[in-house]
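Structure first, commentary second.
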Amino acid sequence: MIVRTGGTHTPTLEYQLDEAWSTTLTLEADIEVRLQKETTVSIGNRTQTTTTYSTETMTVTDEIDVEVYNLHAYAYDADYPDGDTGVAIFQSRPWQGYTLTEDGDERVRGVWRFYTARDPRWDRLTQATATGETEIHSEALPVYVHAYPSRIGPRTEPLRDGPTILDSWGRTRRSPHSTIPDTVSVEVLTQSYTPTYGLAVRTDDINLDALRVSGIVRGVDATPITSTVGTPRELRESQLTAEVVSQTTDQATIHIELRDTETGSPIDLTADDRHGSLNGESGGGYLTVADQRVRTNESGIAVVTIDQPGIYTARYHPGTWLVANPAYVSDTATVRWHPLGTLDGWVGLLIEVGWQFIPFVVVFYAGRQILQFFGPRDDSERYP
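Going letter by letter, the sequence shown gives residues 1 to 384 in full-length UniProt numbering.
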């Protein structure tokens with residue numbers, strides 16, 4: 001027995017389940033009916049009324065399979081060099097989002113949104129008597145709250161100056177679009193989506209003691225548990241430099257170097273000892289330049305070859321602080337290359353231009369020769 005109540009036709013049962021995942025709820029109702037029967041008989045010039053009572057009790061039961069929704073969230077945090085704070089919260093069940101401040105102004109919402117709809121099975125009821133059945137209109141219209149993955153996706157509040165979403169995690173699932181009735185108009189995703197079981201943000205306004213996670217079931221909230229997995233995540237500044245070290249008229253070689261600003265040590269993006277993953281993903285980050293993705297070696301160096309002149313920006317895309325330890329913030333470096341920047345380039349340009357003009361010189365020379373051959377021999381022939 002979990003909970004018991006009585007004395008009303010519309011009982012409300014409040015209960016708490018200790019099961020972890022799935023269970024079966026059994027509702028048992030004892031219905032008691034008391035009938036009063038009055039019998040009046042005539043005795044001479046008077047009547048006599050007799051009252052009798054008949055009581056009948058019936059017990060009905062119904063079962064429903066349910067998933068128990070228990071909210072157990074785990075929080076991770078890290079401090080950025082500029083004073084910002086990174087926060088990531090994981091929960092193995094669907095959840096709505098979390099607040100970052102005590103007043104709730106700074107908050108994060110996951111992919112889930114909600115709508116309320118009635119259960120159409122209750123629109124008509126069947127009333128049964130000893131002589132037959134009659135279909136009647138139901139005065140009871142129970143409604144349910146439904147959660148769905150929204151096209152809006154994860155968002156932060158306030159929209160302009162609020163937290164920045166860094167990443168989200170979850171298993172890919174199929175869209176429930178086909179299960180939503182046509183009479184319900186919501187912005188549900190029509191393609192596969194990723195539930196936000198994990199959501200990481202960066203913010204400059206946070207109270208770690210006031211973190212509060214909201215579930216998708218009304219009234220189910222929880223304070224996240226600070227994780228003790230692994231060592232504290234370090235966030236450091238990085239220094240990225242790039243320069244052209246060799247070039248020809250056709251291509252140039254860019255030398256890129258990535259170092260730890262604090263220690264000056266090279267950052268090896270292929271090292272395995274930095275992959276302290278909290279969410280099962282590999283880390284380390286990568287560099288992008290000229291539509292190429294590269295990684296630095298153990299000396300913190302990467303080499304890229306380009307064949308088109310222009311201004312190139314090398315960018316360091318660090319692994320998230322949830323994965324890499326130590327982790328770094330992004331940095332950029334700009335380099336410019338053009339073949340005319342060298343003596344060989346100018347010589348090559350002059351040769352190329354010269355080759356382009358050769359056909360015109362040949363045509364011009366041939367034209368002069370033809371005119372001299374067919375033209376007048378002297379001025380008297382030229383001007384009669």
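Just so you know, even glycine gets a beta-carbon here, dropped at the ideal spot from N, CA and C.
In the same chain as serine 192, and ignoring 5 residues on each side of it, the C-beta atoms closer than 8 Å to its own belong to Thr172, Arg173, Arg174, Ser175, in chain order.
No residue range can be given for aspartate 84, since it is assigned to no beta strand (DSSP E) and is classified by DSSP as neither H nor E. Unbroken beta strand (DSSP E) stretches of 3 residues or longer found wholly inside the region 127-205: 133-137, 143-149, 155-157, 164-169, 198-203, given in chain order. Just so you know, the alpha carbons of lysine 37 and threonine 129 end up roughly 18 Å apart. In the three-state DSSP reduction, alanine 290 falls in the coil class, being neither helix nor strand. The Cβ atoms of tryptophan 321 and alanine 78 lie closer than 8 Å to each other. Here DSSP, grouped into helix, strand and coil, assigns glutamine 247 to strand. Around the beta-carbon of glycine 132, fewer than 16 other beta-carbon atoms lie within 10 Å, marking it exposed. In this structure, Leu27 is the residue among Asp182, Leu27, Ser22, Trp21 with its C-alpha nearest to the C-alpha of leucine 13. Sequence-distant Cβ neighbours of proline 142 in its own chain, meaning closer than 8 Å and more than five residues away, are Arg118, Asp119, Trp122.
When DSSP states are grouped into helix, strand and coil, leucine 269 belongs to the coil group. Beta-bridge analysis with DSSP links methionine 1 to no other residue. Judged by pairs of C-beta atoms under 8 Å, the region 307-320 does not touch the region 210-228, as fewer than three such pairs exist. Ranked by Cα distance from valine 68, the first of Asp167, Asp18, Arg202, Leu100 is Asp18. Residues of the same chain with a CB within less than 7 Å of the CB of threonine 101, apart from the 5 flanking positions on each side, are Asp205, Ile206, Asn207, Ala210 in chain order. Following the DSSP letters along the chain, one finds serine 299 in no beta strand (DSSP E), marked with neither H nor E. Straight-line spacing of the CA atoms in arginine 293 and glycine 285 works out to 10 Å. Annotation: alanine 324 to glycine 300 spans about 16 Å, alpha carbon to alpha carbon. Excluding five sequence positions before and after glutamine 239, the CB atoms of its chain that fall closer than 8 Å to its own CB belong to Leu258, Arg259, Asp260, Thr261, Asp331, given in chain order. An exposed status is given to glutamate 187, since fewer than 16 other beta-carbon atoms sit within 10 Å of its beta-carbon.
Contact check for aspartate 30 against threonine 57 passes: the beta carbons are separated by less than 8 Å. For arginine 93, there is no enclosing beta strand (DSSP E), as DSSP gives it neither H nor E. The three-state secondary structure of arginine 46, taken from DSSP, is strand. If you ignore the 5 residues before and after isoleucine 216, its C-beta comes within less than 7 Å of the C-beta of Pro94, Trp95, Gln96, Trp112, Ala147, all in its own chain and listed in chain order.
Rounded to the nearest angstrom, the gap between the Cα atoms of threonine 8 and alanine 200 is 48 Å. By the C-beta density criterion, serine 138 is exposed, having fewer than 16 other C-beta atoms within 10 angstroms.
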